[in-house]
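Peer 1: One structure coming up, written as structure tokens, with questions to follow.
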Amino acid sequence: VSLKVVTRGELELIWRMRSIKCIGQTHCLEAGQVSKVICSFPRSAKSVVFQDLYKAGKIELEVVPQGTLAERLRASGAGIGGFFTPTSASTPLAEGKETRVIDGKDHVLELPIRADVALIKADKADPWGNLTYRKAARNFAPNMAMAAALTIVQARVIVGLGDIDPEQVVTPSIFVDRIVEVSDPVSEAAALLEQTNA
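Start counting the sequence shown at 43; every next residue gets the next number (this note's numbering).
Here it is as structure tokens:
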């Protein structure tokens with residue numbers, strides 16, 4: 043999958059924002075392809091690309107608490123029109139949003155986030171696109187797959203049909219459109235870095 047063909051300023055990125063310099067999203071930021079970022083942590087490990095763009099007024103930022111971000115994505119995939127949460131009530135993050143008092147506490151209306159394309163990683167996939175994850179990858183990837191019109195998966199291994207116990211499937215194939223097997227993500231990172239320095 044290549045994002046190099048994307049015109050400058052066409053992308054809005056949704057992610058937690060902890061990418062490593064020269065890998066993944068940082069490429070798109072450096073190329074000026076991104077107009078807006080929706081994330082929970084507006085900083086990147088070993089990279090100041092985003093911070094520099096934001097300080098220069100060249101990119102828009104929407105900060106969303108991590109749990110709220112996950113739920114907004116899940117709400118999109120589940121067809122929920124919105125939900126009320128006490129998270130961010132009475133803070134700058136609630137400005138301009140509808141609020142209600144529920145059980146004596148202020149709640150903020152949060153709307154679903156719909157994505158055109160999701161790029162996610164999975165541990166295992168079968169040819170139909172049923173997925174399993176390792177550890178924290180399960181926090182956002184299943185919700186992103188549900189919230190996107192097109193989901194492209196990078197899987198550590200593609201196994202045969204029936205090799206994944208149906209009880210272990212986290213993301214069913216109905217939410218997956220493309221699968222790419224990358225057995226060694228470390229080599230993938232090294233290749234990207236080498237390509238960048240070429």
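Here a beta-carbon is modelled for each residue, glycine too, at the ideal position from N, C-alpha and C.
1. Do residue 201 and residue 166 have their beta-carbon atoms positioned less than 9 Å apart in this structure?
2. Measure the Cβ-Cβ separation of residue 157 and residue 173 and say whether it is below 9 Å.
3. Here's the rule I'm using: 16 or more other beta-carbon atoms within 10 Å means buried, otherwise exposed. How should residue 85 be labelled?
4. Going by the DSSP bridge assignment, what does residue 152 pair with across the sheet?
5. Looking only at C-alpha atoms, which of 176, 159, 58 and 161 sits nearest to residue 210?
6. Report, in whole angstroms, the separation of the C-beta atoms of residue 105 and residue 135, which I expect to be a contact under 8 Å.
7. Could you check the C-alpha separation between residue 218 and residue 80 for me, to the nearest Å?
8. Hey, could you find the ends of the alpha helix (DSSP H) residue 166 is sitting in?
9. Are the beta-carbon atoms of residue 194 and residue 161 separated by less than 9 Å?
10. If you draw a straight line from the alpha carbon of residue 110 to that of residue 188, how long is it in whole angstroms?
11. The beta strand (DSSP E) spanning residue 191 covers which residue range?
12. Taking the alpha-carbon of residue 208 as reference, which of 170, 225 and 130 has the nearest alpha-carbon?
13. Using DSSP with H/G/I as helix, E/B as strand and the rest coil, what is residue 64?
14. Kindly list the residues whose CB is nearer than 7 Å to the CB of residue 225, restricted to its own chain and excluding five residues on each side of it in sequence; keep chain order.
15. Please check the pair residue 116 and residue 83, which I expect to be a contact at CB under 8 Å, by giving their CB distance rounded to whole angstroms.
16. What residue does the beta strand (DSSP E) around residue 118 start on, and which one ends it?
17. Output the distance between the C-alpha atoms of residue 215 and residue 168, rounded to the nearest integer angstrom.
18. Comparing alpha-carbon positions, which option in 142, 56, 74 and 118 lies nearest residue 98?
19. Using the C-alpha atoms, what's the distance from residue 76 back to residue 102?
20. For the beta strand (DSSP E) containing residue 103, list its first residue and its last residue.
21. Buried or exposed for residue 190, please, with buried defined as at least 16 other CB atoms from any protein chain shown within 10 angstroms of its CB.
Peer 2: Taking the coordinates as given:
1. yes
2. no
3. exposed
4. 125
5. 176
6. 6 Å
7. 22 Å
8. Segment 157-167 is the beta strand (DSSP E) holding residue 166; no alpha helix (DSSP H) there.
9. yes
10. 16 Å
11. 190-200
12. 170
13. Because the pLDDT at residue 64 is just 48, under 50, the model does not fix this residue reliably, and the value given afterwards should be weighed accordingly. Residue 64 falls in the coil class under three-state DSSP.
14. 198 and 199
15. Not really, about 19 Å apart at Cβ, beyond 8 Å.
16. Per DSSP, residue 118 belongs to no beta strand (DSSP E); it is in the alpha helix (DSSP H), 108-120.
17. 9 Å
18. 74
19. 9 Å
20. 102-105
21. buried
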